[in-house]
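There are 4 protein chains.
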Amino acid sequence: MPQNTCQLRVRYGETDQMRVAYYAHYLNWFEVGRSSLLRELGMSYRDIEREAIFLPVVESHCRYLKPARYDDLLRITTRVSRPKGARLLFEYEIHRVPDQELLATGNTVHVAVDDRGKPRRLPERLSRLIR
Amino acid sequence: MPQNTCQLRVRYGETDQMRVAYYAHYLNWFEVGRSSLLRELGMSYRDIEREAIFLPVVESHCRYLKPARYDDLLRITTRVSRPKGARLLFEYEIHRVPDQELLATGNTVHVAVDDRGKPRRLPERLSRLIR
Amino acid sequence: MPQNTCQLRVRYGETDQMRVAYYAHYLNWFEVGRSSLLRELGMSYRDIEREAIFLPVVESHCRYLKPARYDDLLRITTRVSRPKGARLLFEYEIHRVPDQELLATGNTVHVAVDDRGKPRRLPERLSRLIR
Amino acid sequence: MPQNTCQLRVRYGETDQMRVAYYAHYLNWFEVGRSSLLRELGMSYRDIEREAIFLPVVESHCRYLKPARYDDLLRITTRVSRPKGARLLFEYEIHRVPDQELLATGNTVHVAVDDRGKPRRLPERLSRLIR
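Protein chains in written order, with the numbering used here: chain A, 1 to 131; chain Z, 1001 to 1131; chain V, 2001 to 2131; chain H, 3001 to 3131.
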């Protein structure tokens, strides 16, 4: 099961008046993790769209365990499962770097579609890279 | 089970290069729904924070059924369940207004905490309003 | 000089840990104002893009006078100047509704381009509506 | 005049349906540049807020020269001017890394305030570091 880690810092604009990162931004960070994983696998999401295949999200889930704060350095760990037809599952863990505390877990489900929104098999090359 | 509906339009900045609303923004829209529900119940979230009670999200879930597009008028329907201790469950449905198409469903789980992050019972008045 | 006003409420996710709206969101609100103005003029921005004309921003400017806070009801006043060639200037004022306090002023400059990014004259109909 | 460079990649959620980065996100990137500069100077913005000094933005300006696209690697160059009383000016340039193309320039003006919003002199240590 391919896995990638990447790092990012919590931006000021990602905090809210509770003085922690706002919950919607975790989905942005998941996307940073996905992009990083695909790039490392050897077929970036930019490449995938160049073949007129898109991977819209059909489901997202996130559990928020501990708050992330401004300027925290985070590590996003992303895994992708063997695709089932047009469906692709990504799983995520977000840790705070200095103390390795687990802050959040989540997953997203994607369906490969063509430029008219019709479900399509994943590009053969991507399926091979994931397997 | 208290219920609220409110409307919003998809902003240009909420779209992405797939020409549909980006998935993280649905969580922002859920928050608009929650705020609207609490305001209508008679105790706005602003009022709740004035009593030094906060309702951070501990879990979010969204299913994306059909894409929302720029300038679409959306209706957010929000329901809140009877609180269990410090826990509160909100459920959401997002419809496109002109044709009533259901675009997304989701829920968020919140835990009431004080200003030091300690779990707390909900303000008595809010519990009463929800029941 | 065509003018439009519209209202919106500050969302929780638009605040930051300074407990005020984060500065980048004012540009989102300006866009809400532009969209509202064009819709009222009779040619929505969605219509404009359907004619394969786009209005990317080439310059933005904002002065932040007083902070906007969560749940504040804001009024966006938007004006558009008579176009000069492909160039279009929008000007904005943001007031807090209950007390009419002026919170921010700003402007954006846009250039009409076709789908390959080449400058183009504005759609004739839009120019007429603005004049 | 202290200067810092840092890099970031354009996120998918930062694009819009024009297939380029949405204009408001440049202000988020400016903030990444400011945070990076202050951290490198030796007094992070987090440290500044710990001394109960805040640096809200009173003015922002951005010129958008060429579009930034999804997955583009960007270099943010940030400079800060010698403070005048409570006022602080940051200037920014955003380049696309592979070809060094200049995509945007801008600046932000900040005023140091205390936790009640009263203008305050900058922390002495920060003034020294900037000079």
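C-beta atoms are modelled at their ideal positions from N, C-alpha and C, and glycine is treated no differently.
*Whole beta strand (DSSP E) runs in the segment 1030-1111 of chain Z with 3 or more residues, listed along the chain?*
Within the segment 1030-1111 of chain Z, the runs of beta strand (DSSP E) that reach at least 3 residues and sit entirely inside it are, in chain order, 1057-1064, 1073-1080, 1087-1096 and 1102-1111.
_Candidates H:Arg3063, H:Arg3096 and H:Ile3053, of which the one nearest H:Ser3127 by Cα_ = Mapped onto the fourth sequence, residue 3127 of chain H falls at position 127. H:Ser3127 has its Cα closest to that of H:Ile3053, out of H:Arg3063, H:Arg3096 and H:Ile3053.
*Which value, in whole angstroms, describes the spacing of the CA atoms of V:Glu2040 and A:Arg11?*
By 1-based counting over the third sequence, the position of residue 2040 of chain V is 40. By 1-based counting over the first sequence, the position of residue 11 of chain A is 11. When rounded, the distance between both Cα atoms is 36 angstroms.
*Please check if any C-beta of chain V sits within less than 7 angstroms of the C-beta of H:Ser3044.*
As a working mapping, residue 3044 of chain H is identified with position 44 in the fourth sequence. By this cut-off, H:Ser3044 is not an interface position.
*Can a CB atom of chain H be found closer than 7 angstroms to the CB of V:Ser2127?*
The residue you call residue 2127 of chain V lines up with position 127 of the third sequence. Chain H contact via Cβ: absent.
*Quick one, which of A:Arg125, A:Met18 and A:Leu27 has its alpha-carbon nearest A:Ile94's?*
Taking the first residue of the first sequence as 1, we reach residue 94 of chain A at position 94. A:Ile94 has its Cα closest to that of A:Leu27, out of A:Arg125, A:Met18 and A:Leu27.
*Please compile the residues from chain H whose C-beta is within a distance smaller than 8 angstroms of the C-beta of Z:Arg1019.*
Start at 1 with the first residue of the second sequence, and residue 1019 of chain Z comes out as number 19. Per Cβ cutoff of 8 angstroms: Gln3017.
*Which residue comes first and which comes last in the alpha helix (DSSP H) that contains A:Leu129?*
Here residue 129 of chain A refers to the residue found at position 129 when the first sequence is read from its first residue. Looking at the DSSP string, the run of the alpha helix (DSSP H) that includes A:Leu129 is Glu124 to Ile130.
*Just the C-alpha distance for H:Gln3007 and Z:Gln1007, rounded to the nearest angstrom, thanks.*
By one-based count along the fourth sequence, residue 3007 of chain H stands at place 7. By one-based count along the second sequence, residue 1007 of chain Z stands at place 7. Cα to Cα, the separation comes out at about 38 angstroms.
*Can you name, in chain order, every residue of its own chain whose Cβ lies under 7 angstroms from the Cβ of Z:Ala1104, other than the five neighbours on each side?*
Looking up residue 1104 of chain Z in the second sequence gives position 104. Cβ neighbours of Z:Ala1104 beyond the five flanking positions: Tyr1026, Cys1062, Arg1063, Tyr1064, Leu1065 and Ile1094.
*is_contact[Z:Ala1022, chain H] using C-beta, thresh 7 angstroms*: One-based indexing of the second sequence puts residue 1022 of chain Z at position 22. Note on residue identity: the sequence assigns Tyr, not Ala, to residue 1022 of chain Z. By the rule that beta-carbons nearer than 7 angstroms mark a contact, Z:Tyr1022 touches chain H.
*asked:* Using a 10 Å radius around the Cβ and a threshold of 16 neighbouring Cβ atoms, would you call A:Arg34 buried or exposed?
replied: On the first sequence, position 34 is the one that residue 34 of chain A refers to. A:Arg34 comes out buried.
*asked:* Within 7 angstroms of any Cβ in chain H, is that where the Cβ of V:Asn2107 sits?
replied: Taking the first residue of the third sequence as position 1, residue 2107 of chain V is located at position 107. Not closer than 7 angstroms to any Cβ of chain H, the Cβ of V:Asn2107 fails to qualify, so no.
*DSSP bridge partner residues for V:Val2113 (one or two, in chain order)*: In the third sequence, the residue the question calls residue 2113 of chain V occupies position 113. Bridge partners of V:Val2113: V:Phe2054 and V:Pro2119.
*Can you check DSSP and say which residues form a bridge with H:Gln3007?*
Translated into positions along the fourth sequence, residue 3007 of chain H becomes position 7. H:Gln3007 is bridged to H:Arg3075.
*asked:* Are the CB atoms of H:Val3111 and H:Pro3002 within a distance shorter than 7 angstroms?
replied: Translated into positions along the fourth sequence, residue 3002 of chain H becomes position 2. Translated into positions along the fourth sequence, residue 3111 of chain H becomes position 111. Cβ atoms of H:Pro3002 and H:Val3111: not closer than 7 angstroms.
_Considering only the alpha carbon of each residue, which of H:Val3058, H:Leu3038 and H:Thr3005 lies closest to V:Ala2021?_
By one-based count along the third sequence, residue 2021 of chain V stands at place 21. Nearest C-alpha to V:Ala2021: H:Val3058.
*Would you call the CB atoms of H:Ser3060 and H:Thr3108 closer than 7 angstroms?*
Against the fourth sequence, residue 3060 of chain H aligns to sequence position 60. Against the fourth sequence, residue 3108 of chain H aligns to sequence position 108. Taking 7 angstroms as the Cβ cut-off, H:Ser3060 and H:Thr3108 qualify as a contacting pair.
*When A:Tyr23, A:Arg125 and A:Pro98 are compared against Z:Pro1056, the one with the closest alpha-carbon*: Along the second sequence, read from residue 1 onward, the residue named residue 1056 of chain Z stands at position 56. Here the closest residue by C-alpha is A:Tyr23.
*In chain order, what residues of the same chain lie with their CB nearer than 8 angstroms to the CB of A:Ala86, ignoring the 5 residues before and after it?*
As a position in the first sequence, residue 86 of chain A is number 86, starting the count at 1. Same-chain partners within the cutoff: Val111, Ala112, Val113, Pro119, Arg120, Arg121 and Leu122.
*Opposite V:Ala2024 in the DSSP bridges: which residues?*
Residue mapping note: residue 2024 of chain V aligns to position 24 of the third sequence, counting from 1. Note: V:Ala2024 sits in no beta bridge, so no partner.
*Thinking C-beta only, is V:Thr2015 closer than 7 angstroms to A:Gln100?*
By 1-based counting over the first sequence, the position of residue 100 of chain A is 100. By 1-based counting over the third sequence, the position of residue 2015 of chain V is 15. No, these two residues do not count as a Cβ contact at 7 angstroms.
_Along the segment 1070-1104 of chain Z, where does the CB come closer than 9 angstroms to a CB of chain A? Name the residues._
none
*Would you say H:Tyr3026 faces chain Z, with C-beta separation under 7 angstroms as the test?*
Translated into the one-based positions of the fourth sequence, residue 3026 of chain H becomes position 26. No, H:Tyr3026 does not count as interfacial toward chain Z.
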